[in-house]
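Written out below as structure tokens is the structure these notes cover.
Numbering (our numbering), first residue to last: 1 to 696.
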């Protein structure tokens, strides 16, 4: 790699200086080490080589990763030691150069293996510090040549095992046990790395690291304990040798991990000046990978929470029944998010009423209900009322410890959601946030279900107002009707039927179908029904009544039209009934003879509301005793099963076997046949009206 460097300058008989400029490149640390190695060789300071190269690597790597600018490096060696300074051109505070755990927002799922740089500098350097420069800042260290160099040996390199008291296996004192560890010893711990291809590399990595540090310090036993804060308690992550003795002086180093993680490295070894730094470095390296593990698990958990919230939203959205929605909420919460859950709803006076509750242990459910019913200043009820009144989270104490959050949707306070804490641990911030989100979604689902229930009630009331409450009871004439609204029960259909007395003593059977659905269709339906009643009540002939009604619909506009069937029923010859049938674009009725057989009768005419003039041919149909005339709307014939329709022919075939039955039985059987034709809910209203000659 390119580097600006001059020859080693000698400012004194024993001083060697070299200054170089290096680019911000991944190969810079290797070049920096080469510069230091050459200066040490010229100054005859090879005994400082390992420490100098290790610290140079840390400072140059640190500057490349964080400053990302060109680097100036100055190396000064004299007969007393070595000084190295690495300067950059980055503006900003000094803590940008501090090596430590960083949780950058750009990538919080991975923590690089950093954090040991300044620890190593502080451990090995005689002195070090930071210098502010006009162009940036620099970090420097000084390594002094020891006046008396003790024999620094590494127990592993010599193949010997140290005893806990600092002596070798042969009983002789080992100087390496009473002095600070060497760079080679520290580097030995750096060689342990997790397997990047393993599903869970942490246990093997922890075991390898524990084994290395235990053998270095001569520990007879060691253990790594970790508590992930998930309610499982403290677990043994790795173990070495025998169980550490409780009656001996142990070396304990806490793991520098963030909550909810906590842990400890414990070695059955004397906490000497040699063992402490090695144990601290091992604990720090493990802590960095535990932080990776914590973030990875947190990310997996957040993904699981997102999936849970999506599934909960889908389940809540599928229900438009208020009671079912409120009963579903505790089932979603328990036991995943709490030991128990209760949903209270607020009435118009703000009083809370228990709507649904669940407990992970069903045998405790009666006790939960009893606690929720208790009143008093310190009761759960009082805390729930406070949460509803304040509109914020309120903690719950006592035997049912947990917290309550208000159910608020579209600015309205609907009640509270109370959740009991887990059996083994308290709720962490992520769980609390998920529960608050569940409360918001549950409140919105309950409010939507209430709105739908109100719409359904209004639609049913309006639909019932368009149909006669009961059909008249007349000697010799049987009437029966069946009505099935569309599967979308919050919509008002346009189908209707009616039986109206005529001034001449006859009865008028009316069945019709207004195009479309909803309030507009209901308005037209009510208009048609009332106009027919008024016109025939004034004695208008049926053709004239149809013509007047058509004029009304055409003048009204709006694109709505209506098909209609009118049948005036009166006495005929003998025991017969005479039916005068007029069709205005409506399906022809089915004539069911008492002797058997079914056929369509009548002649189709023009639907009302489309043209200025209409045609409604009249047909006179005699009904013998036992004969029946079946009227229906297109919801029957257009009942769909896939691409197949129920159709008029299937209706006629279904009616034929019903000869001789009463009007109620005929109507009920035809309704059942139509509904059972398909498993889907009706897409259109279904109306069947049966007129039968009941004369004996």
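Ideal Cβ positions, reconstructed from N, Cα and C, are used throughout, including at glycine. Because the structure is a prediction, the values reported are computed rather than measured.
Beta-carbon gap between residue i and residue j smaller than 8 Å
| i | j | result |
| --- | --- | --- |
| residue 648 | residue 637 | yes |
| residue 256 | residue 213 | no |
| residue 406 | residue 387 | yes |
| residue 434 | residue 309 | yes |
| residue 565 | residue 589 | yes |
| residue 567 | residue 575 | no |
| residue 40 | residue 71 | no |
| residue 546 | residue 584 | yes |
| residue 251 | residue 275 | yes |
| residue 380 | residue 371 | yes |
| residue 401 | residue 420 | yes |
| residue 120 | residue 189 | no |
| residue 690 | residue 630 | yes |
| residue 628 | residue 663 | yes |
| residue 519 | residue 562 | no |
| residue 299 | residue 202 | no |
| residue 384 | residue 409 | no |
Through-space distance from residue j to residue i, alpha-carbon basis
| i | j | result |
| --- | --- | --- |
| residue 311 | residue 287 | 35 Å |
| residue 473 | residue 508 | 14 Å |
| residue 328 | residue 357 | 10 Å |
| residue 477 | residue 626 | 10 Å |
| residue 76 | residue 17 | 4 Å |
| residue 228 | residue 237 | 11 Å |
| residue 32 | residue 307 | 50 Å |
| residue 543 | residue 315 | 54 Å |
| residue 670 | residue 677 | 11 Å |
| residue 352 | residue 259 | 37 Å |
| residue 297 | residue 36 | 42 Å |
| residue 220 | residue 132 | 48 Å |
| residue 652 | residue 459 | 32 Å |
| residue 426 | residue 280 | 31 Å |
| residue 517 | residue 320 | 20 Å |
| residue 549 | residue 605 | 14 Å |
| residue 64 | residue 253 | 31 Å |
| residue 641 | residue 675 | 10 Å |
| residue 501 | residue 494 | 23 Å |
| residue 446 | residue 305 | 22 Å |
| residue 185 | residue 396 | 54 Å |
| residue 596 | residue 499 | 26 Å |
Closest by C-alpha distance to residue i, when choosing among the options
| i | options | result |
| --- | --- | --- |
| residue 748 | 622, 396, 326 and 595 | With the chain running from 1 to 696 in the structure shown, residue 748 is simply not present. |
| residue 467 | 506, 505, 687 and 412 | 687 |
| residue 291 | 305, 226, 337 and 349 | 226 |
| residue 392 | 369, 360, 440 and 400 | 440 |
| residue 683 | 645, 519 and 593 | 645 |
| residue 29 | 40, 59 and 85 | 59 |
| residue 506 | 525, 577, 471 and 559 | 577 |
| residue 191 | 254, 199, 180 and 205 | 205 |
| residue 180 | 216, 65 and 199 | 216 |
| residue 609 | 554, 446, 571 and 361 | 554 |
| residue 504 | 87, 399, 471 and 540 | 540 |
| residue 719 | 89, 263, 85 and 456 | For the chain, the structure presents residues 1 to 696; residue 719 sits outside this window and is missing. |
| residue 230 | 324, 398 and 337 | 337 |
| residue 322 | 571, 197, 612 and 414 | 414 |
| residue 346 | 38, 19, 317 and 412 | 412 |
| residue 233 | 210, 243, 211 and 261 | 261 |
Cut-off 6 Å between Cβ atoms - residues of its own chain near residue i, not counting five sequence neighbours on either side
| i | result |
| --- | --- |
| residue 522 | 462 and 492 |
| residue 183 | 50, 51 and 54 |
| residue 103 | At residue 103 the pLDDT is 34, less than 50, meaning the model places this residue with poor confidence; the figure from the coordinates comes in the next sentence. Around residue 103: no qualifying Cβ. |
| residue 482 | 667, 671 and 688 |
| residue 239 | 223 |
| residue 341 | 330, 333, 334, 358 and 419 |
Residues of its chain near residue i, where Cβ-Cβ distance is below 8 Å and the 5 sequence neighbours each way are ignored
| i | result |
| --- | --- |
| residue 552 | 527 and 531 |
| residue 697 | Outside the modelled stretch of the chain, which goes from 1 to 696, sits residue 697, for which no answer is possible. |
| residue 208 | 192 |
| residue 241 | 214, 219, 220, 221, 222 and 268 |
Cβ-based neighbour list, residue i, same chain, cut-off 7 Å, excluding 5 preceding and 5 following
| i | result |
| --- | --- |
| residue 94 | Because the pLDDT of residue 94 is 41, which lies under 50, any placement of that residue in the model is unreliable, and the number read from its coordinates should be weighed accordingly. Counting only Cβ-Cβ distances below 7 Å, and skipping sequence neighbours, we find 130 and 137. |
| residue 694 | 476, 477 and 478 |
Just to confirm the assignment: which complete beta strand (DSSP E) runs, minimum length 3, are found wholly within the segment 462-541?
Fully enclosed beta strand (DSSP E) runs of 3 or longer: 477-484, 495-501 and 507-514.
Starting from the N-terminal side, write out each stretch of the alpha helix (DSSP H) that is 4 residues or longer and does not extend beyond the segment 9-46.
Fully enclosed alpha helix (DSSP H) runs of 4 or longer: 28-43.
For a minimum of 4 consecutive residues, which ranges assigned as the alpha helix (DSSP H) are wholly contained in the segment 375-400?
380-390
At 4 residues or longer, and completely inside the segment 576-642: list those alpha helix (DSSP H) runs for me, N to C.
634-637
Extract the residue ranges of the beta strand (DSSP E) inside the segment 221-294, only unbroken runs of 3 or more that lie entirely within it.
221-227, 235-241, 251-254 and 262-267
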